[in-house]
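Step one of this worksheet: look at the structure below.
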Amino acid sequence: ILKDSPNYPRKDEVLFSLATNLYNKGEAFRGAAIERYRDLVTQYPNSRFVGDAYVAMGNHFFDSNDLARATAAFQRAIEVSADDPRVYNYALYKLAWCEYNGGDYEGALQKFQEVVDRAELAKRKNEVALRNEALRDMVLVWQKLEMVEEAHEYYMRKVNRAEARRYFTRLADKYFGDGDFALAIRSYRLLIDGDPNDPKNPEFQKNIVQSYEGLRQRDKVLEEMRILVDNYKPGSAWAVANKDNESALRAAYDITEEAMRTLVTDYHREAQRTKEVKTYRLAAQIYKDYLDSFDDSEHAYNLRFYYAEILWTLEEWEKAAEQYELVYARDPEGSYATTAAYNALLAYEKLVAIDKGELQRSQLRDDQKVDENKDKGRAKQTKRVTDTRIAKEAEAEEIPHWEQKLIEACDRYAEIAAKDPRLASEEILVRYKAAFIYYDRKHFTEAAVRFGDIILKWPEDPQARKAADLSLNILEIKEEWYELARLSRAFYDNKKLAKPGDKWTQDLERIMQGAQYKYIDLVVLQKEGRKDEAAQMFRDFVKEFPKSEFADRALLYAVRIYDEFKRLDLVAELCEQILAQYPTTQFRPEVLTRLASSYQDMAEFEKAIAYYKQFAQEWEIKAGIRLPPDAPTARGRGPSLKNPADAVRADPSGALEASNALYNAALWTEGLGRYDEAVALYREYIEKYSTVEDAVPSATLALNIALIYEKAKDWEKAEKAFDDFIRNYAGRARPGEVFFAHYSRAKALLELRRKADAMKEFKTLTELFPKLPEQDQKRIDYIDAYAHAHFMMLEDDWQKYLSIRFDNVRTLTKSLKAKLDMTPKIEQAYTKVLEIGSGDWGIAALTRIGQMYQDFARNLVESPDPPGLDEDQLIMYRTELEDRAFPLEEKAVEAYELALAKSYELGVYNDFTILAQEQINRFMPGEYGEIRQVDFTGSEFFAQAPIAESIGTRFDTRTAAADAEPEAGEGGIEGQAEEAAEEAASGTDAEEEPAPRKGVLILDKAAAK
């Protein structure tokens, strides 16, 4: 176009496009491009492309480091583009860079700020981008001008808070990165103070710490490091504010941890290089701060060991020991574990030496030199223990704190050394060191145990047995039975120390057995009260040492424990074992007693009897009142026996135990029903043990023998035995026993059909009971006997009452009068029996009262008809009799019901209970369970008559519902009976019309109901 159309009206545009494309084509064409730009600005100074051409030339010269021509080009661009903000602002931006590169920082700052101001007015997209570039690039100018506060103020004024902090952070980082630490510190502080909860603050604070390190201001380093930790650790205000920003929290932890670790590592290296105490102390302080904050980090283990090493170097033994222990505790298998454990021991040695005045604490100055790599040395040898006499009452001294810590350190290192054969010599040394501290402070028991452990591990040492004797002697004197048992057993099991068959070994076995037994007895059983465990341990002891002098005692103590717990099967088993294995044991009497008692409680009475008898017989043989089984029996050659009373006086306690055993044997023999054998044993008891204090009285036994015969229903022997008791012991026995013997004899006499003799005894009983002591009168068995006696004393009257019958018309009136007279007397007599308070005989008395009324009613109903009555008169007569018999039957029923109620109340069931129930079932079938089937007869009808009227008058048994009845004649009962008979003979009616029927037998009424 330029060639063919030199006058083309848009030639300026063609030149600009040609220049631009040539420039973009590559380096080889850029010179030609610049020439075309020059042609444009020369030939067409007013073209709209002139400003862009100058900018293009300015950029070319700027990139070619031709600052002068670049500046001139950008200035011309500004001059020709006053009306084109796009070109003007860009040229101004590039001119600022030219001035920056030319060292005119203030001019550059001014132009960058002008670009920002003009861009804000333009508000075009490309202008906004240019503005942001100017704001960003301005950071370099602020840096060169070392303006901190001004830059911060400018950004906060020109942009929003977030942008301002972003631009200002770039400035702070530039200061920090270029080593302008003072300016960096000022910048970071403004950032932190401007937003205390900014997630980036931990990074800013870390840079402050490093800036102070760059300035070598060590005191400020430590101060700012603590701020870093305190302000951004978990739980801080910053952490709370950023609790939802997990990445920020994690970053804060990592930043702080790494910063402290890096810093302290550098300080430690510097300290090792300079050997300055001051630097070591600074490193130690940062190590401490690091470990206080980051104990859980993966680097904490190593850094804690380094910290301990510095503390050792600074001769801070307490702190060093503590840190070495923490290193070991953190990882007992760690790379520094063994070294740390040993160094802790050495540190405690230093502290013990200081306490004892053997070492002076050093006061290191900051300007002193120390050598961390100096050898720490080895643990010191401890002096040997001499064989000294130990007093039981020697008081143990309190072990000082550092010595106690040294013991712990020795124990810890001994465990480590025991796993490594290369450390065997060290193990012996530290074990002995710990044991000696206990010995030196008079903790002889613990010292003995520890010396014993050393002996066991190195038994062939020339002094091993001597040391072993010392250890055992200490434990025995101090009565430390558990440790003595444990250690002696350990010695015994070590065949290099305790050679089989050796006298020393035999003595050791005796000590071992005694210690084991005493531990079980005195500690487990008596002191700690672990009875069940003690019992099993006693059994295990005998199983292991069956020939021990303590074996029988151990089994017996187990028996006592099991007896207390009612483990009767085990009591019996162990007692049998004692008798079988140790037949001559001194505890044989107790064993026999417990064995018999346990079988008794288990209801194995045959065995119980056998062992009770064996106990008594063995005492009798020992006391000389029984021949031993193997004694010669030829006449005249056997030994003479002692008088039992003399034997009792010689051994009263043994006699009492033997008497109790024999009595128990007799008692349980009786219980098994072997009565003759039981009687023989009771008589043997009377013969041999009647003089024993607290023995069962002979009178009681004599009475018991009689009761045995009674139980066996041997009435002849029973009657004689009761009679003998009354004759022989009436003056010595208790009144109640004598009373009861009379009663028992009376019953035996009844069984022997000697009623007359029996009635004498019953009469005696009625006389004796009121004389009994008040306490005996309350005994139910005595009350029963007394009531029975009274009951029996009424038998003759009762039989007389039954013999009065209304079966003869001629004697009817006389019989009626006699029965009427006896009835209240009989009732009163049986009522007195009831009032005695006996269950059995009270029921019997009530039943008899019922029988009495029933007998009266039956006689009345069954009485013969008067002669001469026609059918209607006979009906009237029977009806009236029925009315008079009905209340009597009700009284009989009432008495029977009372008898049954009392029976159920007291739980008493006897022949009279059965009788009452049978009779009441006749009146009210089905009301009570039947004892057996009874055949009932049909109803009989009664007529109203004077005889019945007499009954009603005497006993007031007329019912309120009865109709008006004829009044009794003046002639009394007999007159009324005679009058009734005469009326019947003459055939006259007692009333104009027959009386209405009053009732039927209760049997029929119940059936109708």
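Each residue of the sequence shown is one higher than the one before, starting from 158 at the first, in this note's numbering. All residues carry an ideal CB built from backbone N, CA and C; glycine is no exception.
Which of helix, strand or coil DSSP assigns to residue i
i	result
K700	helix
E894	helix
K877	helix
K526	strand
E1037	helix
E565	helix
E433	strand
I611	helix
G183	coil
E814	helix
N222	coil
I782	coil
K904	helix
K688	helix
Q683	helix
Close Cβ partners of residue i (< 7 angstroms) along its chain, the five nearest in sequence each way excluded
i	result
L858	Y839, Y842, I843
T1145	Only weak support is given to the placement of T1145: the predicted model assigns it a pLDDT of 36, under 50, and the value that follows is read from those uncertain coordinates. None.
E827	A835, I865
T602	I631, L632, K635, E637, E640
D808	A780
A1238	One cannot answer for residue 1238 here, as it falls past the ends of the chain, which runs 158 to 1166.
L278	none
Same chain, Cβ closer than 6 angstroms to residue i, neighbours up to 5 away in sequence not counted
i	result
K315	none
R288	V273, A276
L175	R193
F608	A592, A624, S628
L372	F338
S238	G208, V244, Y245
D477	At residue 477 the sequence reads Ala, which differs from the Asp that was named. Excluding residues within five positions, the ones whose Cβ falls inside 6 angstroms are A465, L468, W469, A504.
I883	A898
Residue from the options whose Cα sits closest to the Cα of residue i
i	options	result
K562	Q1074, V509, R487	V509
D355	A398, E403, I365	A398
L909	A898, V244, K877	K877
R205	F173, N181, T228	F173
M949	Q932, L175, L907, R967	L907
R622	K653, A1052, F601	K653
T431	G609, D528, S847	D528
R891	L929, Q200, T921, A915	L929
L860	Y201, L379, K301, R889	R889
K895	T921, R911, M916	Contrary to the premise, residue 895 reads as Val rather than Lys in this sequence. Here the closest residue by C-alpha is T921.
A753	R696, E814, V805	E814
F231	A457, D240, E306, K251	K251
Q956	Q1008, E931, E924, Q771	Q1008
F462	G686, W469, V484	V484
V966	E290, N1016, G1083	N1016
V378	F269, G392, G893, K363	K363
Distance between beta carbons of residue j and residue i, contact taken as under 8 angstroms
i	j	result
V366	L385	6 angstroms
A711	F698	5 angstroms
A592	I611	7 angstroms
D413	P359	The residue asked about is misnamed: residue 413 is Thr in this sequence, not Asp. T413 to P359, Cβ: 6 angstroms. Contact.
A1049	Y1010	4 angstroms
L629	I668	6 angstroms
Q1074	L1057	6 angstroms
K112	L502	Residue 112 lies beyond the stretch modelled for the chain, which goes from 158 to 1166, so this question has no answer here.
Q122	A767	Since the first and last residues shown for the chain are 158 and 1166, residue 122 lies out of range.
P801	I782	5 angstroms
F919	Y939	About 14 angstroms separates the two Cβ atoms, so there is no contact after all.
L106	A655	Residue numbering for the chain in the displayed model covers 158 to 1166; residue 106 lies beyond these limits and cannot be assessed.
Cutoff 9 angstroms: residue i Cβ touching any chain D Cβ
i	result
G259	No chain D is present in this structure, which holds just one protein chain.
Close beta carbons around residue i, own chain, < 8 angstroms, minus the five adjacent residues each side
i	result
A975	I961
K688	L682, I718, E721, F722
P785	I778
Inset, instruction - Identify every run of the alpha helix (DSSP H) within the region 292-330, keeping only runs that are complete inside it and at least 4 residues long; order them along the chain. - result: 306-315
Inset, instruction - Identify every run of the alpha helix (DSSP H) within the region 392-424, keeping only runs that are complete inside it and at least 4 residues long; order them along the chain. - result: 394-398
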